[in-house]
Amino acid sequence: MLQYMRVKYLFLISVVGSFSLVCLSLSSNATAFGVLALLAGVCYAFVFVYMVLRMCEKVVDGFALAYGIVNAGTAVGMMVLPIFTEFLHRTYGWRGTVAILGAISLHTSILVLWMGEPAAKDGVDSQDVRRQPEEHISAVILNEEHNVSSGSDVEQSPLEHLLDRGTVSSLDRTQVRLESLQYVCSKLCSNITGCLHETWKHFGLSILTELPYTLVLNAGFLVISLVNTAWVIYLIPHGVSKGFPLSQAVFLALYGSIGQCIGRVGQGLLVDRNWVTSVELTIICSIVGAFTLCLDPLFHNFEIICTLAFIGGLVNGARVSLTVVIVKQFIPRERFKHGYSLNCLFFGVGEPLGGIVAGYVANAFSFDIAYEVLGSFEILLSFALITTNYFITRTDTTTDDI
225 MLQYMRVKYL FLISVVGSFS LVCLSLSSNA TAFGVLALLA GVCYAFVFVY MVLRMCEKVV
285 DGFALAYGIV NAGTAVGMMV LPIFTEFLHR TYGWRGTVAI LGAISLHTSI LVLWMGEPAA
345 KDGVDSQDVR RQPEEHISAV ILNEEHNVSS GSDVEQSPLE HLLDRGTVSS LDRTQVRLES
405 LQYVCSKLCS NITGCLHETW KHFGLSILTE LPYTLVLNAG FLVISLVNTA WVIYLIPHGV
465 SKGFPLSQAV FLALYGSIGQ CIGRVGQGLL VDRNWVTSVE LTIICSIVGA FTLCLDPLFH
525 NFEIICTLAF IGGLVNGARV SLTVVIVKQF IPRERFKHGY SLNCLFFGVG EPLGGIVAGY
585 VANAFSFDIA YEVLGSFEIL LSFALITTNY FITRTDTTTD DI
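So for the sequence shown, the numbering used here puts the first residue at 225; every next one is plus one.
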């Protein structure tokens, strides 16, 4: 849908998202708060996805580094925004803090205007392009209606002809009606299946079956999102559980954030120079992350825990950026928007799952067990990606030989 949307509409969406945050500060009940928060999140998602699609269109060479630099802003926000938000909360209260953050988020509107309209390709007018999906769907529906009408005329059985002429007994009439009912049901099922198939293709979900490895990759994105979210949630509380004072444990978040910044940018330097593919680097990061998580419960020295937090931030930050770089590398350019949409879907599902897993395992058992569970996820992910990378490499080699 974003590929057919004008910049002026996205500008309005970004303004609505910022205004929703400002209005959220005035909400007086949980329902209004939830609706406004949901609206702000949806608006932000529209704007962010559009920016990535425009970056993919504009940046042909060096995409991994360019996206890593942009995505490093999130890691910087992890370091700066909590401190800034805490200052605002002490000064203005939570309502004033949310209102100020909503006003600050208006910068996305400026970025949308700055990026401009997508370039029309091959001299095709943008309105004609936007009309194509509607015309395609209309043609499919008309075609199905034509098949139903023509099929009902052509595929009439001999018994139906005799029934029309009044030369069939009542027993045969029942048989004819049963056959007709079976025919109608089969035709209805065929039409429903065709409609679902066209919908599946129109929204790009067919890429999961046309390129089977995308299903495994997207499942890997979900695990990466889950582990990263749980790891961020655990950083400070697990430091406190090891006996460090809170004033000291917060430095774990600082070292983790620094690692995230370096990892998000560093992956671009490695991938763009063709030293390693994005999937191979993700495998390496997953293996290192598994060792980091499994070793953490064994140590209680603050310097070692800070080092592990830095390494964890390094590999998690790299993999968060690599999820998009993988789509850019292994999905055909004309299908990037569909591949990235699925990436956002699976990654977005993994974030709340990470929060649920983090809370449940830590409360039911301990932080040490929780880190072991996350480490086991990393090991399973590594094996799955190693297998997937083998088949991707084998397919590419076969294609080149042909």
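Glycine residues also receive a C-beta, built at the ideal position from the N, C-alpha and C atoms.
Check: Host alpha helix (DSSP H) of residue 260 (start-end); Outcome: 254-282
Check: Environment of residue 375 [buried if 16+ CB atoms lie within 10 Å]; Outcome: Below a pLDDT of 50, predicted positions are generally treated as unreliable, and residue 375, at 46, falls in that range; no measurement from the model is reported.
Check: 8 Å CB neighbourhood of residue 251 in its chain, flanking five on each side removed; Outcome: 257, 260
Check: Every unbroken alpha helix (DSSP H) within the segment 424-509, with a cutoff of 4 residues, ordered by chain; Outcome: 431-434, 437-465, 470-496
Check: Reference residue 455, options 271, 582, 234, 600, closest by Cα; Outcome: 582
Check: For residue 232 and residue 598, the rounded distance between their alpha carbons; Outcome: 43 Å
Check: DSSP-derived helix/strand/coil call for residue 589; Outcome: coil
Check: Per-residue burial, residue 580 [other beta carbons within 10 Å of its own, 16 or more giving buried]; Outcome: exposed
Check: Residue 250 - DSSP class collapsed to helix/strand/coil; Outcome: coil
Check: The segment 443-451 in contact with the segment 562-579 per 3-pair CB rule at 8 Å; Outcome: yes
Check: Check whether residue 481 and residue 536 have beta carbons under 8 Å apart; Outcome: no
Check: Per-residue burial, residue 311 [other beta carbons within 10 Å of its own, 16 or more giving buried]; Outcome: exposed
Check: Selection from 570, 571, 548 that minimises the alpha carbon distance to residue 560; Outcome: 548
Check: Where residue 552 falls, given that 16 or more other Cβ within 10 Å makes a residue buried; Outcome: buried
Check: Contacts around residue 609, its chain only, beta-carbon distance under 7 Å, and the 5 residues preceding and following it disregarded; Outcome: 444, 503, 506, 507, 510
Check: Coarse secondary structure for residue 524, derived from DSSP in three states; Outcome: coil
Check: Alpha-carbon to alpha-carbon, residue 539 and residue 513; Outcome: 6 Å
Check: Whether residue 299 touches residue 496 by CB criterion (8 Å); Outcome: no
Check: Rounded distance between the beta-carbons of residue 333 and residue 243, thought under 8 Å; Outcome: Residue 243 to residue 333, Cβ: 11 Å. No contact.
Check: Cβ-Cβ distance between residue 523 and residue 472 below 8 Å; Outcome: no
Check: Beta-carbon proximity check, residue 634 vs residue 517, cutoff 8 Å; Outcome: It is not possible to answer for residue 634, since the shown part of the chain is limited to 225 through 626.
Check: Contacting residues, own chain, Cβ-Cβ under 6 Å from residue 555 (five flanking each side not counted); Outcome: 563
Check: Inter-residue spacing [alpha-carbon to alpha-carbon] between residue 463 and residue 541; Outcome: 20 Å
Check: Chain-order list of residues whose beta-carbon lies under 7 Å from that of residue 460 (same chain, five-residue window excluded); Outcome: 473, 474, 476, 477
Check: Alpha carbon of residue 263 to alpha carbon of residue 585, nearest angstrom; Outcome: 31 Å
Check: Cβ neighbour criterion (16 or more within 10 Å) applied to residue 285; Outcome: exposed
Check: Residues near residue 239 in its chain [Cβ-Cβ closer than 8 Å; skip 5 each side]; Outcome: 330, 333
Check: Nearest candidate by alpha-carbon position, reference residue 587, set 469, 320, 457, 606; Outcome: 457
Check: Nearest-angstrom beta carbon gap, residue 515 and residue 479 [assumed within contact, 8 Å]; Outcome: About 17 Å separates the two Cβ atoms, so there is no contact after all.
Check: Alpha-carbon to alpha-carbon, residue 440 and residue 604; Outcome: 12 Å
Check: Spatially closest choice to residue 615 from 451, 569, 438, 529, by CA coordinates; Outcome: 438
Check: Closest by C-alpha distance to residue 316, when choosing among 602, 267, 249; Outcome: 249
Check: Rounded separation between residue 241 and residue 307 - CA only; Outcome: 23 Å
Check: Same chain only: Cβ atoms within 6 Å of residue 532, ignoring 5 sequence neighbours per side; Outcome: 516, 520
Check: Local conformation of residue 576 per DSSP, three classes; Outcome: helix
Check: Own chain residues within Cβ distance below 8 Å of residue 571, not counting five before or after; Outcome: 445, 446, 448, 449, 547
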